[in-house]
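First residue of the sequence shown: 0, per numbering that gives the first Met the number 0; consecutive thereafter.
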Amino acid sequence: MEEQKVLVTGGAGFIGYHLCKKLSTITSNLTIYDDLSSGKIENVTDVPLATFVQGNILDLKTLCGLPKQDLIYHLAAQVVVPYSMENPLIDFETNAKGTVCVLEKARQDDAKVVFASSAAVYGNPSVFPTPESYGFHPFSCYGLSKIVGEQYCQMYREQYGLDIVITRFANVYGLRCHGVIHDFLDKLAKNPDKLEIIGTGQQSRDFVHVSDLVEALITVGASDRFNGETFNLGIGKTTSILELADLILSILELKDRTVITTTNQSWQGDVTKIWFDIGKAKQELNWIPKVTLEDSIREVIADRKISL
Ligand SMILES: NC(=O)c1ccc[n+]([C@@H]2O[C@H](COP(=O)([O-])OP(=O)(O)OC[C@H]3O[C@@H](n4cnc5c(N)ncnc54)[C@H](O)[C@@H]3O)[C@@H](O)[C@H]2O)c1
Numbered sequence: 000m001e002e003q004k005v006l007v008t009g010g011a012g013f014i015g016y017h018l019c020k021k022l023s024t025i026t027s028n029l030t031i032y033d034d035l036s037s038g039k040i041e042n043v044t045d046v047p048l049a050t051f052v053q054g055n056i057l058d059l060k061t062l063c064g065l066p067k068q069d070l071i072y073h074l075a076a077q078v079v080v081p082y083s084m085e086n087p088l089i090d091f092e093t094n095a096k097g098t099v100c101v102l103e104k105a106r107q108d109d110a111k112v113v114f115a116s117s118a119a120v121y122g123n124p125s126v127f128p129t130p131e132s133y134g135f136h137p138f139s140c141y142g143l144s145k146i147v148g149e150q151y152c153q154m155y156r157e158q159y160g161l162d163i164v165i166t167r168f169a170n171v172y173g174l175r176c177h178g179v180i181h182d183f184l185d186k187l188a189k190n191p192d193k194l195e196i197i198g199t200g201q202q203s204r205d206f207v208h209v210s211d212l213v214e215a216l217i218t219v220g221a222s223d224r225f226n227g228e229t230f231n232l233g234i235g236k237t238t239s240i241l242e243l244a245d246l247i248l249s250i251l252e253l254k255d256r257t258v259i260t261t262t263n264q265s266w267q268g269d270v271t272k273i274w275f276d277i278g279k280a281k282q283e284l285n286w287i288p289k290v291t292l293e294d295s296i297r298e299v300i301a302d303r304k305i306s307l
């Protein structure tokens with residue numbers, strides 16, 4: 000990969016930042032392409048060796064006007080499930096049409112593509128842990144738009160001969176993350192006496208640390224052995240949101256103080272359980288996720304300098 004020109008769409012986002020930080024130690028030809036719609040400029044300035052182009056993936060002229068690339072990590076997306084239910088068209092535009100635009104850039108350059116897909120393609124599966132072969136059962140417009148993206152990737156591989164790898168992420172967390180851990184810490188920073196969980200708290204997730212995820216992404220990007228393959232990237236365990244809340248409260252030594260409440264009503268498109276079978280990634284990528292949820296929550300808390 001050292002000699003390769005690498006493009007990361009969505010490189011100013013949470014995962015994109017961590018991926019680019021690592022990639023910038025491997026290649027000196029790294030370009031971040033992001034419209035900063037949810038990404039942050041500090042995620043770009045903190046990767047000083049990369050070239051940053053502010054642009055929308057739907058802007059084919061700008062995207063295709065970039066220098067020829069060898070490898071494209073396509074992470075840019077609308078990532079919020081409830082937003083996708085309220086705005087299916089915008090979600091479709093960004094995630095489905097946007098992916099076709101990125102594939103057009105890849106076709107022009109004959110570049111390899113690593114596509115960031117999601118657990119949302121499985122919806123509410125009936126098989127746990129869920130293997131890659133389970134099939135598509137979307138429960139949200141976001142999940143459906145990721146399926147469309149995956150299918151276009153496979154079409155470009157079959158019909159145009161592109162080298163494509165699909166990576167399905169579980170719940171990714173770590174420094175600079177958004178999502179449930181971040182939400183809980185925000186709520187507790189405002190009011191340590193009460194923690195409201197949206198939903199029943201029984202919903203559960205497979206939490207994978209971003210550094211482990213990045214390691215797998217580098218492996219699939221660097222090798223030509225995985226063309227056409229799909230990999231679940233999680234840790235192969237599931238943790239309920241109540242268990243997560245409990246863990247955060249015990250780390251913050253708030254268990255005797257904070258009252259947990261639940262709204263019992265979740266948002267549209269929310270799934271009950273994510274629990275990946277990661278046997279394929281372990282075996283074929285020789286990948287073992289290492290970071291524990293507890294260690295990482297301590298790291299996030301220390302980084303946010305939370306003391307209650
Ligand atoms: N974070 C997770 O737990 C998780 C789980 C499953 C899948 N994923 C996938 O991983 C990828 C990265 O997610 P993230 O958590 O870092 O989200 P993020 O919102 O932090 O990053 C997405 C980035 O894409 C950029 N972007 C959005 N629309 C764009 C457009 N039209 N043109 C150019 N840039 C655009 C945003 O500005 C942002 O920087 C996404 O594809 C997401 O669907 C994330």
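Note that the Cβ used here is the ideal one computed from N, Cα and C, for glycine as well. Since we're looking at a predicted model, the values are computed, not measured.
Please find out if some non-hydrogen atom of ligand 1 comes closer than 7 Å to the beta-carbon of residue i.
i, result
"residue 171", "yes"
"residue 243", "no"
"residue 36", "yes"
"residue 269", "no"
"residue 99", "no"
"residue 89", "no"
"residue 174", "no"
"residue 9", "yes"
"residue 74", "yes"
"residue 202", "no"
"residue 153", "no"
"residue 233", "no"
Sort the options by Cα distance to residue i and report the nearest one.
i, options, result
"residue 99", "166, 156, 226 and 257", "156"
"residue 143", "76, 35 and 225", "76"
"residue 261", "248, 15, 193 and 104", "193"
"residue 140", "80, 101 and 14", "80"
"residue 249", "93, 51 and 300", "300"
"residue 118", "64, 93, 1 and 274", "274"
"residue 391", "43, 93, 222 and 199", "Since the first and last residues shown for the chain are 0 and 307, residue 391 lies out of range."
"residue 136", "127, 121, 97 and 147", "121"
"residue 257", "246, 171 and 287", "246"
"residue 22", "241, 87 and 6", "6"
"residue 93", "57, 191 and 84", "57"
"residue 70", "268, 14 and 221", "221"
"residue 230", "263, 282, 195 and 123", "282"
"residue 203", "235, 177 and 184", "235"
Quick check: what's the CA-CA separation for residue i versus residue j?
i, j, result
"residue 91", "residue 12", "19 Å"
"residue 160", "residue 66", "21 Å"
"residue 25", "residue 17", "13 Å"
"residue 251", "residue 237", "22 Å"
"residue 181", "residue 187", "10 Å"
"residue 223", "residue 162", "8 Å"
"residue 146", "residue 55", "21 Å"
"residue 227", "residue 239", "33 Å"
"residue 310", "residue 205", "No information on residue 310 is available, as it lies outside the stretch 0 to 307 that the chain covers here."
"residue 302", "residue 126", "37 Å"
*Output the residue ranges of the alpha helix (DSSP H) runs that lie fully inside the segment 171–197 and measure 4 residues or longer, sorted by chain position.*
Those alpha helix (DSSP H) runs which fall completely within the segment 171–197 and span 4+ residues are 179–189.
*Let me know the alpha helix (DSSP H) ranges lying completely inside the segment 0–73, each 4 residues or longer, listed in chain order.*
Here the runs fully enclosed are 13–22, 40–44 and 59–63.
*Where in the segment 136–171 do unbroken runs of the alpha helix (DSSP H), each at least 4 residues long, occur, reported from the N-terminal end onward?*
140–159, all fully within the segment 136–171.
*May I have a chain-ordered list of the alpha helix (DSSP H) segments no shorter than 4 residues that lie completely inside the segment 70–107?*
DSSP runs (the alpha helix (DSSP H)) wholly in the segment 70–107: 80–85 and 87–91.
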